[in-house]
Amino acid sequence: MSNSFKIMNSDFIIYNTLSRSKEIFKPFLKGKVGLYVCGPTVYSDSHLGHARPNITFDLLYRYLTFLGFKVRYVRNITDVGHLEDEVEESGEDKISKKARLEQIEPMEVVQKYMNTFHHNMEQLNVRPPSIEPRASGHIIEQQQMIESIVNKGFGYEKNGSVYFDVEKYNEKYKYGKLSGRNLDDIKTNTRQLDGQSEKKNSFDFALWKKASPEHIMRWPSKWSVGFPGWHLECSVMSTKYLGEQFDIHGGGMDLTFPHHECEIAQSTASLGHETVRYWMHNNMIKINGQKMARSLGNFITLEELFTGGHAMLQKAYSPMTIRFFILQAHYRSEMDFSNEALQASEKGLERLMNAVKTLNDIVASESSTVEITPIKEKCFTALNDDLNSPIAIAHLFDGVKIINSIKSGTEKISAEDLIDLKSFYHSVVFDILGLKEENEANKGESEVLSGAVELLIDLRQQAKTNKDWATADKIRNDLTAIGIELKDGKTGVEWNVKR
RNA sequence: GGUCUCUUGGCCGAGCGGCUAGGCACCGGUCUGCAAAACCGAUUACGGCGGUUCGAAUCCGCCAGAGACCUCCA
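FYI, my numbering numbers position 152 of the first sequence as 175, with every residue one higher than the one before it.
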């Protein structure tokens, strides 16, 4: 681990859904981490719910990198095989359906929404993964895995479709260990299909589906012209790029069953062993007491959030506000969307970022009257404890008080400590939490603007000297009105551009 | 119906047996021509009822309410 902060003796601990407990993270290969996260099905705009896993695992990615690991982060794009309604035999592929409705090619649908997804992620300062494989680009590998599963006796063909034989699998391995259920319960509680099913049992899931005539997305195979089942892609692409054993598999909690359970079954059936060492699941974002989901129709898209274009939004919220909002809760807790909460995050973030900026203005003294080591230690202890970002942020705010006190002159800091403090804040705020200054473009745009504002500040100072408060206030108020905020400090006037 | 989880102050959110996070809002003060910002201070909590314990927001039981998964969902 090579970083300048000497993370105390504490290990990095993560909560493993498989064991339902916190475990010390030990990579499979020394110094390297293989990370796979379920990405979006690209058939419509990304919404606030999508921001959660992507920011959570971006935090993980960034933190592991900070700790000195070489991380290979694989996040897939589901662009085929995700059925609208798996219970109905007539279930239509989500992307095919959208293509039919919009009268465009399925791959146009995919491209369009993949582009917006990427754009939104960039806005949220989510780093792109190392590899972003698409299901449609791995049809052959998926067919190979199906064959392997069938050859081992855990799959069967019926009318050109292939299904996974859960009962058979359960005899040799245990089905349901991730989501904590056993097959007997599933048997008694699964809705029975109305007799027409090709499946032996209702809880069997599709590995390959024969395409109905109107189904546009189709590939030839030894069983039929068809398409792969949804769960298959992740089993295939994770092992293809990360190996038959890799460290961490992440995703939303709602994917635990059946998606991840089926992944385990498929990989185990074909390879004879499990592939994932740590399963991590982020919790959901709720709105009006209910999970935000596309299928429930109660979602707010990221674009709407950023522009304020939704009836439930009192205003627009910047990408960094959204990011900070999400980081202020632990990733395994539910969180509630509300305008008040978002506005609180917005202000809190501003306070934090102002303090980081203030660090640049601070002048060092002979010696320090403040102690910064405890804050650093507590902050990293929190991050080491299953990525407890809210606690880490709380300690960052403790430091904000210190920074402001130094600025105002009530406390002093040595040159050495100042360098240390700056480096700490830059690492945690920018590199690990992935926050960034949002107004830089506006502000930097403009030596011209800067000159003009300085001129107005001068004029106002003159007015103030003449006790012409009316003019002074007019300049300040009018600038405020167009989004330029003036702050009279002891050392002069500061200004900044507000959104 | 089955499995599981949650209920913290005006709002959001930590906490996982004693040392009572943090942010936002509100109130008082310092600073300021007035503001803003900043700082200092105050005030509000652990769904209800029992139990275990010297001690419980934290453990156990019951009750109430909310949610998740069991179909697609991040």
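Heads up, the beta-carbon is just placed ideally off N, CA and C, and yes, glycines get one too. Keep in mind that this is a model prediction, so the values were computed, not measured.
Report all residues from its chain with a CB closer than 7 Å to the CB of residue 232; omit the five preceding and five following residues, and keep chain order.
Position 209 of the first sequence, counting from 1, holds the residue named residue 232. Correct list, in chain order: 184, 249, 250 and 252.
Hey, quick one: how far does the alpha helix (DSSP H) through residue 141 stretch, first residue to last?
In the first sequence, residue 141 corresponds to position 118, counting from 1. Segment 129-146, the alpha helix (DSSP H) holding residue 141.
Tell me the rounded alpha-carbon separation between residue 292 and residue 178.
Your numbering for residue 292 matches position 269 in the first sequence. Your numbering for residue 178 matches position 155 in the first sequence. So the alpha carbons of these two residues sit roughly 9 Å apart.
Can you list, in chain order, the residues of its chain whose CB lies under 8 Å from that of residue 30, leaving out five sequence neighbours each side?
The residue you call residue 30 lines up with position 7 of the first sequence. Low confidence applies to residue 30: its pLDDT is 49, below 50, so where it sits in the model is not reliable, and the reading given next is rough at best. Cβ neighbours of residue 30 beyond the five flanking positions: 24, 90, 403 and 407.
DSSP three-state assignment for residue 371, whether helix, strand or coil
Here residue 371 refers to the residue found at position 348 when the first sequence is read from its first residue. Looking at residue 371 - three-state DSSP - the assignment turns out to be helix.
Compare the beta carbon distance of residue 288 and residue 192 with 8 Å and say whether it is the shorter of the two.
For the purposes of this step, residue 288 is taken as residue 265 along the first sequence, with counting starting at 1. For the purposes of this step, residue 192 is taken as residue 169 along the first sequence, with counting starting at 1. Yes.
What three-state label does DSSP hand residue 98 in the structure shown?
For the purposes of this step, residue 98 is identified with residue 75 of the first sequence, where counting begins at 1. Strand at residue 98.
Proximity of residue 322 and residue 54 at Cβ, strictly below 8 Å
Here residue 322 is taken as the residue at index 299 of the first sequence, counted from 1. Here residue 54 is taken as the residue at index 31 of the first sequence, counted from 1. In this structure, residue 54 does not lie closer than 8 Å to residue 322 by Cβ.
Taking contact to mean at least 3 C-beta pairs separated by less than 8 Å, is the segment 130-138 in contact with the segment 42-51?
no
With 16 other Cβ atoms within 10 Å as the buried cut-off, status of residue 182:
Reading the first sequence from its first residue, position 159 is the one you call residue 182. Under this definition residue 182 is an exposed residue.
So, is residue 346 buried or exposed, given that buried needs 16 or more other C-beta atoms within 10 angstroms?
Indexing the first sequence from 1 puts residue 346 at position 323. Residue 346 comes out buried.
Contact belief for residue 99 with residue 157 at Cβ below 8 Å, rounded distance in angstroms
On the first sequence, residue 99 is found 76 positions in, with the first residue counted as 1. On the first sequence, residue 157 is found 134 positions in, with the first residue counted as 1. Right, the Cβ-Cβ distance comes to about 7 Å (below 8 Å), so this counts as a contact.
Length-filtered (4 minimum) alpha helix (DSSP H) runs lying within the segment 242-322
255-265 and 284-294
Same chain, Cβ closer than 8 Å to residue 429, five either side skipped, listed in chain order:
Residue 429 sits at position 406 when you count from the first residue of the first sequence. Result list for residue 429: 385, 393, 435 and 436, in chain order.
Below 8 Å, can you find three or more Cβ-Cβ pairs linking the segment 347-354 to the segment 364-374?
yes
Coil, strand or helix - residue 508 by DSSP:
Counting from 1 along the first sequence, the entry for residue 508 is found at position 485. Looking at residue 508 - three-state DSSP - the assignment turns out to be strand.
Does the beta-carbon of residue 432 have 16 or more other beta-carbons within 10 angstroms, so that it is buried, or is it exposed?
For the purposes of this step, residue 432 is identified with residue 409 of the first sequence, where counting begins at 1. Label assigned to residue 432: exposed.
On the CB-based measure, 16 or more other CB atoms within 10 Å of its CB, does residue 504 come out buried or exposed?
Here residue 504 corresponds to residue number 481 of the first sequence, with the count starting at 1. Residue 504 comes out exposed.
Would DSSP call residue 182 helix, strand or coil?
Taking the first residue of the first sequence as 1, we reach residue 182 at position 159. Note: residue 182 maps to coil in three-state DSSP.
Which stretch, first to last residue, makes up the beta strand (DSSP E) that contains residue 487?
The count along the first sequence starts at 1 and reaches residue 487 at position 464. Element bounds for residue 487: not the beta strand (DSSP E) but the alpha helix (DSSP H), 470-488.
How many Å lie between residue 444 and residue 150 at the Cα?
Translated into positions along the first sequence, residue 444 becomes position 421. Translated into positions along the first sequence, residue 150 becomes position 127. C-alpha separation (whole angstroms): 25 Å.
State the beta-bridge partners of residue 187 as determined by DSSP.
In the first sequence, counting from the first residue as 1, residue 187 sits at position 164. Paired residues: 178 and 228.
As assigned by DSSP and simplified to three states, the class of residue 519:
Here residue 519 corresponds to residue number 496 of the first sequence, with the count starting at 1. Strand at residue 519.
Whose C-alpha, out of 257, 284, 294 and 388, is nearest the C-alpha of residue 523?
Because the chain spans 24 through 522 in this model, residue 523 falls outside it and cannot be assessed.
Please tell me whether residue 259 and residue 376 are closer than 8 Å, where the distance is taken between their beta carbons.
As a position in the first sequence, residue 259 is number 236, starting the count at 1. As a position in the first sequence, residue 376 is number 353, starting the count at 1. No, these two residues do not count as a Cβ contact at 8 Å.
Spatial distance of residue 133 from residue 448 (CA atoms)
In the first sequence, the residue the question calls residue 133 occupies position 110. In the first sequence, the residue the question calls residue 448 occupies position 425. Answer to the nearest angstrom: the Cα atoms are 39 Å apart.
For residue 38, the first and last residue of its enclosing beta strand (DSSP E):
Indexing the first sequence from 1 puts residue 38 at position 15. Here the beta strand (DSSP E) through residue 38 covers 36-39.
Which whole-angstrom value is the C-beta distance of residue 121 and residue 67, which I expect to be below 8 Å?
Looking up residue 121 in the first sequence gives position 98. Looking up residue 67 in the first sequence gives position 44. Yes, they are in contact, since the Cβ atoms of residue 121 and residue 67 sit about 7 Å apart, within 8 Å.
How about residue 357 and residue 306: are their beta carbons less than 8 Å apart?
The residue you call residue 357 lines up with position 334 of the first sequence. The residue you call residue 306 lines up with position 283 of the first sequence. Yes, these two residues count as a Cβ contact at 8 Å.
Alpha carbon of residue 26 to alpha carbon of residue 220, nearest angstrom
Residue numbering aside, residue 26 sits at position 3 when the first sequence is read from its first letter. Residue numbering aside, residue 220 sits at position 197 when the first sequence is read from its first letter. Its pLDDT being 44, under 50, residue 26 is placed unreliably in this model, and the value from its coordinates should be taken loosely. For residue 26 and residue 220, the distance between alpha carbons rounds to 58 Å.
With a CB to CB cut of under 8 Å and the five nearest residues on each side skipped, what residues in its chain are close to residue 217?
In the first sequence, counting from the first residue as 1, residue 217 sits at position 194. With a pLDDT of only 49 at residue 217, under the threshold of 50, the placement of this residue in the model should not be trusted, and no figure is reported.
Relative to the alpha-carbon of residue 509, which residue among 129, 473, 70 and 60 has its alpha-carbon at the smallest distance?
Along the first sequence, one-based indexing puts residue 509 at 486. Here the closest residue by C-alpha is 473.
Buried/exposed call for residue 302, threshold 16 Cβ in 10 Å:
Numbered from 1 along the first sequence, position 279 holds the residue referred to as residue 302. Looking at its Cβ environment, which holds 16 or more other Cβ atoms inside 10 Å, residue 302 is buried.
Which residue wins for smallest C-alpha separation from residue 40, given the options 200, 146 and 65?
As a first step, residue 40 must be located in the first sequence, where it is residue number 17. Nearest of 200, 146 and 65 to residue 40, Cα basis: 200.
Does the beta-carbon of residue 318 have 16 or more other beta-carbons within 10 angstroms, so that it is buried, or is it exposed?
One-based indexing of the first sequence puts residue 318 at position 295. Exposed, because fewer than 16 other Cβ atoms sit within 10 Å of the Cβ of residue 318.
Which residues mark the beginning and the end of the beta strand (DSSP E) in which residue 90 is found?
Here residue 90 corresponds to residue number 67 of the first sequence, with the count starting at 1. Counting along the chain, residue 90 falls outside any beta strand (DSSP E), and DSSP gives it neither H nor E.
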